[in-house]
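Visitor:
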Amino acid sequence: MFVPPPKGFLRRAATTRSPQTGIFSSGAEVPGVRRDHLLEMAPSLKTVGTVIGVLSAASSVIALTNGVGKLPVMGYNAWNAFACNVNETLIVQTAQYMKEYGLLDVGYNHVNLDDCWAMKNRTSTGEVVSDTTRFPSMNNLTDQLHALGFYAGIYSDSGWFTCAGYPGSFMHEEQDALTFQSWGFDFLKYDNCAIPFDDVIREGMVGKYQRMSDALAIVAEKTGTTFVFSLCQWGWSQVWLWGASLSHSWRIDGDIGPYWTSIASIINSASFITQATNYYGRNDLDMLEIGNGNFTYDEAKTHFTTWALVKAPLLIGTNLASLTSEMLSILKNTEIIAINQDPVYGTSISPFRWGINADWTYNATFPAQYWSGPSENGTVIMLINTLDEPADMFFNLTESPWIRAGRQYAVRDLWTHTNNGTAVRNFTAVGVAPHGVAALLLQDAGNEPAGIMPPCAGEALSQCTAENGTSYANS
Ligand code: GAL
Numbered sequence: 001m002f003v004p005p006p007k008g009f010l011r012r013a014a015t016t017r018s019p020q021t022g023i024f025s026s027g028a029e030v031p032g033v034r035r036d037h038l039l040e041m042a043p044s045l046k047t048v049g050t051v052i053g054v055l056s057a058a059s060s061v062i063a064l065t066n067g068v069g070k071l072p073v074m075g076y077n078a079w080n081a082f083a084c085n086v087n088e089t090l091i092v093q094t095a096q097y098m099k100e101y102g103l104l105d106v107g108y109n110h111v112n113l114d115d116c117w118a119m120k121n122r123t124s125t126g127e128v129v130s131d132t133t134r135f136p137s138m139n140n141l142t143d144q145l146h147a148l149g150f151y152a153g154i155y156s157d158s159g160w161f162t163c164a165g166y167p168g169s170f171m172h173e174e175q176d177a178l179t180f181q182s183w184g185f186d187f188l189k190y191d192n193c194a195i196p197f198d199d200v201i202r203e204g205m206v207g208k209y210q211r212m213s214d215a216l217a218i219v220a221e222k223t224g225t226t227f228v229f230s231l232c233q234w235g236w237s238q239v240w241l242w243g244a245s246l247s248h249s250w251r252i253d254g255d256i257g258p259y260w261t262s263i264a265s266i267i268n269s270a271s272f273i274t275q276a277t278n279y280y281g282r283n284d285l286d287m288l289e290i291g292n293g294n295f296t297y298d299e300a301k302t303h304f305t306t307w308a309l310v311k312a313p314l315l316i317g318t319n320l321a322s323l324t325s326e327m328l329s330i331l332k333n334t335e336i337i338a339i340n341q342d343p344v345y346g347t348s349i350s351p352f353r354w355g356i357n358a359d360w361t362y363n364a365t366f367p368a369q370y371w372s373g374p375s376e377n378g379t380v381i382m383l384i385n386t387l388d389e390p391a392d393m394f395f396n397l398t399e400s401p402w403i404r405a406g407r408q409y410a411v412r413d414l415w416t417h418t419n420n421g422t423a424v425r426n427f428t429a430v431g432v433a434p435h436g437v438a439a440l441l442l443q444d445a446g447n448e449p450a451g452i453m454p455p456c457a458g459e460a461l462s463q464c465t466a467e468n469g470t471s472y473a474n475s
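Start counting the sequence shown at 1; every next residue gets the next number (full-length UniProt numbering).
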């Protein structure tokens with residue numbers, strides 16, 4: 001259950017994060033500190049003042065309730081398209097494309113680095129250093145990103161080394177977090193490679209990630225900069241059970257690939273743990289592959305729809321210089337984005353029926369097909385055709401817990417952007433494309449017509465009873 005944070009925290013969460021409005025201007029403040037963070041941190045500092053400086057479990061509370069990360073992060077990460085072949089020019093050009101293509105305008109306001117930005121060795125005092133050729137000045141990079149209107153994200157690892165062999169932050173957590181802050185970053189993705197021996201770390205997975213969560217809390221206390229903290233440990237150790245206590249998102253699976261079988265497999269993983277997602281903490285299904293590989297238009301739509309409606313982070317991961325207008329239009333579907341960024345409901349959609357498989361069947365090729373959830377503007381329905389041929393997809397409205405019995409619903413199609421009539425009792429999406437999706441918003445349109453038989457629908461039918469006791473069970 002979502003417990004609202006203390007009042008002051010909601011200040012920025014309720015507003016759009018807008019780097020353009022002076023948030024990043026330094027003035028008399030520490031460079032990179034966002035003024036709104038200073039406001040928001042005030043209550044939390046009072047609460048935890050006595051434990052600051054001690055890396056204890058209790059201090060993690062500040063990292064969690066630091067007021068950022070209420071909604072899924074939207075933005076860009078270069079890893080899926082460029083892996084280690086990144087440099088300042090490419091990142092700034094990418095940010096320019098994001099702006100030019102209108103992606104910033106629809107909410108993609110982060111530009112995040114991934115692996116390979118560092119020199120292989122720390123300095124004699126243990127400082128991590130950015131690659132002198134490819135990233136000669138991180139402050140210069142983040143200044144440019146901020147000036148364009150973006151937040152800036154960086155990457156590190158909870159072990160000795162990153163997955164590409166650069167310095168990890170183990171035993172340097174606070175030092176690195178302060179470095180990242182001083183460079184102007186405010187988002188940290190934190191990976192899981194090069195895990196220290198048990199007799200060194202003497203902590204499990206949770207403890208290893210707790211160390212950086214605590215360090216970020218200390219950085220917030222010292223500087224006012226509140227990081228969005230993104231765990232990347234591939235869904236190990238049932239992270240969906242504890243990730244929310246020390247971060248804002250957690251990867252639930254291994255690395256995504258630019259092909260349908262990967263998308264289907266991640267959807268299958270997500271289908272069993274949707275309850276873990278809410279405001280301030282969410283399942284991360286990995287960065288988007290839209291624009292990469294050989295997705296059909298329908299597969300790309302399904303990928304985007306699922307990621308958005310389960311309220312996962314939406315990080316574009318393709319070479320924007322060669323993005324087709326078709327793929328761009330998918331990324332810019334504002335009706336889908338609005339559900340991802342819903343200010344009233346933070347929960348994920350969930351399957352109400354698996355479809356071709358029995359409910360709760362684990363099947364990475366044919367995952368759950370019939371999903372629903374509440375939203376600010378109605379009940380969201382997502383239907384995925386996992387087959388290789390077109391399919392009609394039928395559901396009774398009350399299969400979704402978010403539908404009221406005895407009411408009819410106006411059906412809005414979030415991909416064709418049309419109103420498709422009024423559904424009474426059930427709906428069929430006709431001819432859903434192979435690996436395609438239907439995304440519908442069902443809006444209450446008043447009482448259904450009188451006299452419909454049987455008088456109860458769905459599960460209620462087996463208990464359907466008149467006031468005088470006459471049973472209509474299974475009539
Ligand atoms: C993986 C991670 C990827 C990417 C890569 C960088 O562990 O899942 O998303 O960050 O490391 O080396």
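Beta carbons: idealized from backbone N, C-alpha and C, even for Gly.
Since the model is a prediction, treat every value here as computed from it, not as a measurement.
Considering Phe82, what are the terminal residues of the alpha helix (DSSP H) in which it resides?
Guide: 79 to 82
Visitor: With respect to the beta strand (DSSP E) encompassing Lys189, which residues constitute its N-terminal and C-terminal limits?
Guide: 187 to 191
Visitor: With a threshold of 7 Å on Cβ separation, who are the neighbours of Ile266 within its own chain once the five nearest residues in sequence on each side are excluded?
Guide: Here the set comprises Asp253, Ile256, Leu285, Asp286.
Visitor: Which residue wins for smallest C-alpha separation from Asp114, given the options Ala152, Arg412, Thr470, Gln144?
Guide: Ala152
Visitor: Helix, strand or coil for His303? Go by DSSP, reduced to three states.
Guide: helix
Visitor: Closest to Leu71 by CA distance: which of Gln233, Glu88, Leu309, Ile91 is it?
Guide: Selected option, being the one with the closest Cα: Leu309.
Visitor: Go ahead and pull the three-state DSSP assignment for Thr465.
Guide: In the structure shown, Thr465 sits in a strand (DSSP, three-state: E or B).
Visitor: Considering only heavy atoms of the ligand GAL, does any lie closer than 7 Å to the CB of residue 550?
Guide: Any property of residue 550 remains undetermined from this structure, which presents the chain solely from 1 to 475.
Visitor: Could you check where the beta strand (DSSP E) with residue 477 kicks off and where it finishes?
Guide: This structure cannot speak to residue 477, because the chain is shown only from 1 to 475.
Visitor: Would you mind sorting Pro167 into buried or exposed? The rule is 16 or more other CB atoms within 10 Å of its CB.
Guide: It is buried - the Cβ of Pro167 has at least 16 other Cβ atoms within 10 Å.
Visitor: Going by beta carbon distance, what residues of the same chain come within less than 6 Å of Asn319, once the five residues before and after it are set aside?
Guide: Ala81
Visitor: So the candidates are Met382, Asp191, Tyr409, Ile403; which of them puts its Cα closest to the Cα of Phe229?
Guide: Closest by alpha carbon: Asp191.
Visitor: Might you give, ordered along the chain, the residues of its own chain that have their beta carbon closer than 7 Å to the beta carbon of Ile116, omitting 5 neighbours on each side?
Guide: The sequence given here has Cys at residue 116, not Ile. The answer, listed in chain order, is Cys84, Val86, Ala164, Tyr166.
Visitor: Could you give the distance in angstroms between the alpha-carbon of Gln144 and the alpha-carbon of Glu88?
Guide: Near 10 Å, if we compare the C-alpha coordinates of Glu88 and Gln144.
Visitor: Pair every Cβ in the stretch 387 to 396 with every Cβ in the stretch 415 to 423, then say whether three or more of these pairs are closer than 8 Å.
Guide: no
Visitor: Would Met119 and Ser158 be called neighbours here (beta carbons separated by less than 8 Å)?
Guide: no
Visitor: Run the proximity test for Thr318: is its beta-carbon closer than 7 Å to any non-hydrogen atom belonging to the ligand GAL?
Guide: Incorrect: Thr318 has no Cβ contact closer than 7 Å to the ligand GAL.
Visitor: Do you know offhand how far Arg134's Cα is from Trp183's?
Guide: 15 Å
Visitor: Assuming the contact rule is C-beta atoms closer than 8 Å, Ser271 and Ala368 should be a hit. Round their C-beta distance to whole Å, please.
Guide: Yes, they are in contact, since the Cβ atoms of Ser271 and Ala368 sit about 4 Å apart, within 8 Å.
Visitor: Could you compute how far the alpha carbon of Gln430 sits from the alpha carbon of His248?
Guide: According to the sequence provided, residue 430 is Val. The question's Gln does not apply to it. The straight-line gap separating the alpha-carbon atoms of Val430 and His248 is approximately 38 Å.
Visitor: Under the DSSP definition of a beta bridge, which residues are partnered with Trp371?
Guide: Pro351, Met382
Visitor: Short of 7 Å in beta carbon distance, which residues of its chain neighbour Ser462, apart from the five on each side in sequence? Order them along the chain.
Guide: Ala473, Asn474
Visitor: Go through its chain and collect everything with a Cβ distance to Val106's Cβ below 7 Å, but skip five positions before and after it.
Guide: Lys332, Thr334, Ile337
Visitor: For the alpha helix (DSSP H) that contains Leu285, what are its first and last residues?
Guide: Segment: none, Leu285 is in no alpha helix (DSSP H) and carries neither H nor E.
Visitor: So who's on the other strand from Ser230, going by DSSP bridges?
Guide: Lys189, Ser249
Visitor: Per the DSSP calculation, Gln443 is bridged to which residue(s)?
Guide: Residue pairing from DSSP places Gln443 in a beta bridge opposite Ala410.
Visitor: The alpha helix (DSSP H) spanning Leu331 covers which residue range?
Guide: Element bounds for Leu331: 325 to 331.
Visitor: Looking at the unbroken alpha helix (DSSP H) that takes in Gly207, where does it start and where does it end?
Guide: For Gly207, the uninterrupted alpha helix (DSSP H) segment begins and ends at 205 to 223.
Visitor: Give every residue of the same chain whose Cβ lies closer than 8 Å to the Cβ of Tyr362, excluding the five residues on either side of it in the sequence, and list them in chain order.
Guide: Close CB contacts of Tyr362 within its chain, under the 8 Å cut and outside five residues either way in sequence, are with Asn268, Phe272 (chain order).
Visitor: Would you say Ala410 and Gln443 are within 8 Å of each other, going by their C-beta atoms?
Guide: Yes, they are a contact pair.
Visitor: Are the beta-carbon atoms of Thr162 and Asp186 separated by less than 8 Å?
Guide: no
Visitor: How is His110 classed by DSSP in three states: helix, strand or coil?
Guide: strand
Visitor: Taking contact to mean 3 or more Cβ pairs, one atom from each stretch, closer than 8 Å, check whether the stretch 170 to 184 and the stretch 123 to 141 are in contact.
Guide: yes
Visitor: Work out the CA separation of Asn468 and Val437 for me, nearest whole Å.
Guide: 44 Å
Visitor: What distance in whole Å lies between the Cβ atoms of Gly149 and His110, which are believed to be in contact at a cut-off of 8 Å?
Guide: So it is not a contact: roughly 11 Å between Cβ atoms.
Visitor: Would you kindly check if the distance between the Cβ of Ile339 and the Cβ of Lys301 is under 8 Å?
Guide: no
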